[in-house]
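Step one of this worksheet: look at the structure below.
There are 2 protein chains.
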Amino acid sequence: MTATTDTPRRLQIEEAASALFRERGYAATSVRDIAQALNLQGGSLYAHMASKEDVLWSIVTRAADRFNAEVGPIAARDDATPKLKLRDMIRAHVNVVTSIQKDAAVFLHEWRFLSDDRRAEMSGRRDAYEALFRQVIAQGIAAGDLREVDARLTAAAILSSLNGIPTWYRSNGALSSGEIADQQADLFLHALETDS
Amino acid sequence: MTATTDTPRRLQIEEAASALFRERGYAATSVRDIAQALNLQGGSLYAHMASKEDVLWSIVTRAADRFNAEVGPIAARDDATPKLKLRDMIRAHVNVVTSIQKDAAVFLHEWRFLSDDRRAEMSGRRDAYEALFRQVIAQGIAAGDLREVDARLTAAAILSSLNGIPTWYRSNGALSSGEIADQQADLFLHALETDS
DNA sequence: CCTACCGATCGGTAGG
DNA sequence: CCTACCGATCGGTAGG
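As you go down the protein sequences, you meet chains H and E in turn.
162 is the number that the working numbering gives to position 162 of the first sequence; each next residue is one higher, with no gaps.
100 is the number that the working numbering gives to position 100 of the second sequence; each next residue is one higher, with no gaps.
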């Protein structure tokens with residue numbers, strides 16, 4: 001399972017699969033498509049993977065881990081106001097979707113093709129992640145730091161907005177990843193500014 | 001859901017297909033799946049449709065027509081400020097995604113499985129639709145009615161946020177369609193409020 | 001990692 | 001609208 005000689009090939013498979021899953025969708029991508037991208041025969045891939053779904057699982061969990069690793073610690077900070085935490089969480093989330101754009105797109109759109117068990121697990125992880133945003137917003141409202149909004153709807157609105165970025169972001173586009181991050185953070189912090 | 005006996009067969013097929021395309025995705029839904037939902041044999045559907053993709057096209061164009069019909073006239077109004085137009089456009093867009101939730105979800109996520117010609121046409125229509133929002137925002141900024149933001153990014157952010165609604169909206173949920181519409185409109189109008 | 005193959009299923013058609 | 005079928009392709013395996 002952890003043979004080091006397998007690792008490079010396995011990673012190549014995951015990278016090729018991530019690009020194809022993103023372009024065509026998981027269901028419309030065949031094992032032979034992935035093999036062809038690596039100049040291999042279809043059956044040859046099974047020396048490095050147990051199933052097509054296993055590759056999807058690797059991509060999806062890697063992306064989920066990355067979001068948690070980048071955003072989780074910010075949400076857990078106790079030396080900053082909810083407002084400042086929310087701003088940094090938004091920026092960190094944008095940074096992840098732009099820096100692992102393909103994996104993020106697959107994570108966001110193809111996870112429903114996982115088997116029942118894995119889909120349920122990932123559903124739980126997604127809920128917990130969204131709860132990080134919901135809770136920071138709720139804390140901000142309780143502290144009088146943010147305007148009184150529906151925290152659930154607002155967290156969903158923010159994440160839907162940020163998760164749309166992989167569909168249009170281009171690394172050579174008009175806006176850099178950092179500019180997008182700043183502008184998205186500004187937009188939603190303005191939206192949650194207390195009226196006064 | 002429950003097709004009445006006097007619903008034309010073609011419409012029944014599109015309704016069943018819309019539900020299945022939304023749940024499983026277009027590529028993972030077979031013609032036999034659609035037929036089974038209507039207690040028919042797979043081949044029987046071809047008396048009412050030329051191809052599986054034709055049914056997708058019907059669903060997608062119907063949804064696109066609906067968005068344009070509801071939002072287009074608001075964007076074209078010349079008796080309201082950009083701010084008020086944007087507010088009503090957001091509300092109208094939310095109203096469409098909640099009132100034709102399944103078709104809207106298919107429109108938003110499955111249009112990439114259209115043939116090259118049709119996908120290109122739909123891509124153009126989507127760009128033109130997003131431009132309605134972009135232009136109203138730009139008008140609002142030019143008029144000093146809205147805060148100076150990147151109109152392109154902001155229009156994308158708003159639409160991504162609104163287009164996430166079909167993934168979590170439930171007609172018997174805590175928030176009504178109208179409440180969601182109002183809160184989304186409030187959120188983004190606050191986000192674009194001039195600082196002063 | 002390849003060749004050759006498996007059973008299953010796909011979109012679609014013929015002929016009634 | 002059904003039965004019966006078409007060629008193509010699917011994910012995955014055997015055996016080297």
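For every residue, glycine included, the Cβ atom is placed at its ideal position computed from N, Cα and C.
Here H/Arg62 really is in contact with H/Asp103; their C-beta atoms are around 6 Å apart, less than 8 Å. Under the three-state reduction of DSSP output, E/Val149 falls in the coil class, being neither helix nor strand. If you draw a straight line from the Cα of E/Asp78 to the Cα of H/Tyr169, it comes to about 33 Å. For H/His93, there are no C-beta contacts with chain E under 9 Å, since the nearest C-beta of that chain is about 13 Å from it. Contact with chain H is found for E/Ala191, since one of that chain's Cβ atoms lies less than 8 Å from the residue's Cβ. A Cβ-Cβ separation of about 11 Å leaves E/Leu84 out of contact with E/Leu146 under the 8 Å criterion.
Listed in chain order, the non-local C-beta contacts of H/Ser58 below 6 Å within the same chain comprise Glu14, local neighbours out to five positions each way being set aside. Residues of the region 118 to 135 of chain E with a C-beta less than 9 Å from any C-beta of chain H: none at all. Residues of the same chain with a CB within less than 6 Å of the CB of E/Ser99, apart from the 5 flanking positions on each side, do not exist.
By the beta-carbon neighbour count (other beta carbons within 10 angstroms, threshold 16), E/Ala69 is exposed. In the DSSP annotation of this structure, the continuous segment of the alpha helix (DSSP H) that includes H/Asn68 starts and ends at Lys52 to Ala76. Taking a C-beta distance under 8 Å as the contact criterion, H/Gly164 and E/Ser115 do not qualify as a contact pair. Counted as a single uninterrupted DSSP element, the alpha helix (DSSP H) harbouring E/Phe188 occupies residues Ser177 to Leu192.
Taking CB atoms only, H/Ser30 has no neighbour in chain E less than 8 Å away. A Cβ-Cβ separation of about 22 Å leaves H/Ile180 out of contact with E/Leu189 under the 8 Å criterion.
Residue-level contact by beta carbon holds for E/Ser161 and chain H, with a gap shorter than 8 Å. Taking the Cβ atoms as the reference, H/Ala155 lies roughly 6 Å from H/Glu130, within the contact range of under 8 Å.
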